[in-house]
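Let me begin by presenting the structure, written as structure tokens, before commenting on it.
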Amino acid sequence: MNSDFARAMSRATEAVRASDPAGATAIIQAALAGRFGEPASAARPASGARREPAFRIAPDVVEAEVVEPAAPPRSRSGPGRRGLREVVRSLRTGRALFEGLGTRLPGGPAPLPEVPEGARYLWREHACAAGTRRYRLFTPSCPASDLRGLVVMLHGCKQNPDDFATGTGMNALAETERLLVAYPEQPGAANVSGCWNWFEPGHQGREAGEPAILASLARALATEFGLPPGRTFAAGLSAGGAMAAVLAETHPDVFAAVGVHSGLPRGSARDVASAFAAMRGQGGATAGPRAGAARAIVFHGGADRVVHPANAEALAARWHDGAGERVERGATGGRGWRRVRSGGADTPRFECWLVDGAGHAWSGGNAAGSFTDPEGPSASAEMLRFFLAVPPDPDAA
Numbered sequence: 001m002n003s004d005f006a007r008a009m010s011r012a013t014e015a016v017r018a019s020d021p022a023g024a025t026a027i028i029q030a031a032l033a034g035r036f037g038e039p040a041s042a043a044r045p046a047s048g049a050r051r052e053p054a055f056r057i058a059p060d061v062v063e064a065e066v067v068e069p070a071a072p073p074r075s076r077s078g079p080g081r082r083g084l085r086e087v088v089r090s091l092r093t094g095r096a097l098f099e100g101l102g103t104r105l106p107g108g109p110a111p112l113p114e115v116p117e118g119a120r121y122l123w124r125e126h127a128c129a130a131g132t133r134r135y136r137l138f139t140p141s142c143p144a145s146d147l148r149g150l151v152v153m154l155h156g157c158k159q160n161p162d163d164f165a166t167g168t169g170m171n172a173l174a175e176t177e178r179l180l181v182a183y184p185e186q187p188g189a190a191n192v193s194g195c196w197n198w199f200e201p202g203h204q205g206r207e208a209g210e211p212a213i214l215a216s217l218a219r220a221l222a223t224e225f226g227l228p229p230g231r232t233f234a235a236g237l238s239a240g241g242a243m244a245a246v247l248a249e250t251h252p253d254v255f256a257a258v259g260v261h262s263g264l265p266r267g268s269a270r271d272v273a274s275a276f277a278a279m280r281g282q283g284g285a286t287a288g289p290r291a292g293a294a295r296a297i298v299f300h301g302g303a304d305r306v307v308h309p310a311n312a313e314a315l316a317a318r319w320h321d322g323a324g325e326r327v328e329r330g331a332t333g334g335r336g337w338r339r340v341r342s343g344g345a346d347t348p349r350f351e352c353w354l355v356d357g358a359g360h361a362w363s364g365g366n367a368a369g370s371f372t373d374p375e376g377p378s379a380s381a382e383m384l385r386f387f388l389a390v391p392p393d394p395d396a397a
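Counting in the UniProt record's numbering, the sequence shown runs without a single skipped number right up to 397 at its last residue.
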């Protein structure tokens, strides 16, 4: 071990002792890449090295750090503290990728979401040729004949349906809008950290893997409850958002619209190594609008240091070429935002929100859930508005 690397390991050890595993990971990541000064996040591009992005990205976010989100202060002897050896092992095995995409903050089991009187929130299971998944199903208190549609909500890594339902507050909105909400669970057998496998080719196509399972679940629920055609939607956070982006392209006949929060484009990665690059904003997905894809609404924090905000720009390029776009600026809940829309004035085909100063968290969410930012516009409310803007298609099959 050379002296530079030894000094880097010493700094990482001090960070771990200070209960800062995120800082330790950043130091080790920089050292493994041969950068022995500051962590990778401190690097700055040369003047003029990047073009002005279509979406305003916080000036201090240049390369997303693939690290754990910052956790609240805790005792050094607490059970959640990670040693330096585990941090290094996580980097070498790729687990840091999954943890950075949505590790639930320590603190025991996920809180159960509130269920309005007369509504139901139950565990169920769906099996099809592509596989089996358990899921939570929220059924609003209205008569089944009054149901207006279905939203499939895809959690992030290390989250679960209860945590995600609590953090997004989607059940309360679905009660008002008379919507079913399904929260599929990604089991540890499919991914050790509970991530949807958006970065694997076997889960990026139509006929097999997780997209096929999720589409089959959505079809089954639409049939069981007699939902109106063209009223099935999907949304997700981080890894779940990336999978929602996959569904928009693989199953536009099933999902009329999708919501992608802090996610990435389909095909931006083909394995764990390229997933790291994609999260830094260096994805390999080809640009250009995708004909026939479902409508999409994107939310991304302008200061997201886990999934680089450049991925919002890459997603925008998949839905439109910039012609006829409308740009709005405003502030909600203490955070400024920039919204870009394209398509019809009342029913845009694509909409993207970049929230100033927000990190890797569900905008306008409930602090009782993990990876939520109570400030800023409500991603849940805006997604439902976007989804329901197009009336049901009476001629759809």
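Ideal Cβ placement from N, Cα and C applies to all residues, glycine included.
- Contact between the stretch 110–128 and the stretch 148–168 is established, with three or more Cβ pairs separated by less than 8 angstroms.
- DSSP links residue 166 through a beta bridge to no other residue.
- Membership of residue 219 in the alpha helix (DSSP H) is indicated by the continuous run 209–224.
- Between residue 295 and residue 257 a beta carbon distance of about 4 angstroms is seen, short of the 8 angstroms cut, so the two are scored as contacting.
- Approximately 12 angstroms separates the beta-carbon atoms of residue 148 and residue 175; this is outside 8 angstroms, ruling out the contact.
- As DSSP reads the structure, residue 298 sits in a beta bridge with 260 and 352.
- Apart from the 5 residues on each side of it in sequence, residue 135 sits with its Cβ closer than 8 angstroms to the Cβ of 123, 124, 125, 126, 161, 182, 183, 184, 185 and 217 in its chain, given in chain order.
- DSSP places residue 274 inside the alpha helix (DSSP H), whose first and last residues are 272–279.
- For residue 371, no alpha helix (DSSP H) encloses it, and the DSSP letter there is neither H nor E.
- Going by DSSP, residue 386 is part of the alpha helix (DSSP H) stretching over 379–388.
- For residue 273 and residue 190, the gap between their C-alpha atoms comes out near 19 angstroms.
- Residue 369 counts as buried, since no fewer than 16 other beta carbons sit within 10 angstroms of its beta carbon.
- In the three-state DSSP reduction, residue 336 falls in the strand class (E or B).
- Around the beta-carbon of residue 327, fewer than 16 other beta-carbon atoms lie within 10 Å, marking it exposed.
- Annotation for residue 310: 281 place their beta carbon closer than 6 angstroms to its own, counting only its chain and skipping 5 residues before and after.
- Of the candidates 304, 250 and 303, the residue whose Cα lies closest to the Cα of residue 292 is 250.
- For the pair residue 379 and residue 362, the Cα-to-Cα distance works out to about 7 angstroms.
- Using a Cβ-Cβ distance cut-off of 8 angstroms, the stretch 164–175 and the stretch 198–212 are not in contact, since fewer than three pairs of beta carbons, one from each stretch, lie closer than that value.
- The Cβ neighbour count for residue 139, taken over all protein chains shown within 10 Å, is at least 16; the residue is labelled buried.
- The Cβ atoms of residue 261 and residue 306 do not sit closer than 9 angstroms to each other.
- Counting along the chain, the unbroken alpha helix (DSSP H) around residue 250 starts and ends at 239–250.
- Residue pairing by DSSP places residue 195 in no beta bridge whatsoever.
- Spatial neighbours of residue 316 in its own chain (CB-CB distance under 6 angstroms, excluding positions within 5 residues in sequence) are listed in chain order as 352.
- When beta bridges are read from the DSSP output, residue 331 appears opposite 336.
- Residues of the same chain with a CB within less than 7 angstroms of the CB of residue 248, apart from the 5 flanking positions on each side, are 255, 258, 293, 294 and 296 in chain order.
- Judged by their CB atoms, residue 265 and residue 338 are not nearer to each other than the 9 angstroms cut-off.
- Contact check for residue 212 against residue 128 passes: the beta carbons are separated by less than 9 angstroms.
- Remark: C-beta atoms of residue 197 and residue 115 do not approach each other more closely than 9 angstroms.
- With distances taken between CA atoms, residue 239 lies nearest to 275 out of 215, 225, 275 and 219.
- When the five nearest sequence neighbours on each side are left out, the beta carbons in the same chain lying within less than 7 angstroms of the beta carbon of residue 142 are those of 178, in order along the chain.
- When rounded, the separation of the alpha-carbon atoms in residue 347 and residue 132 is 35 angstroms.
- A distance below 6 angstroms between beta-carbons, with the five flanking residues on each side excluded, links residue 336 to the following residues of its chain, in chain order: 356.
- Excluding the 5 residues flanking it on each side, residue 137 has same chain C-beta neighbours closer than 6 angstroms at 122, 124 and 182, in chain order.
- For the options 349, 188, 203 and 228, the alpha carbon positioned closest to that of residue 144 is the one of 228.
- About 5 angstroms separates the beta carbon of residue 358 from that of residue 373, a gap short enough to meet the 8 angstroms contact definition.
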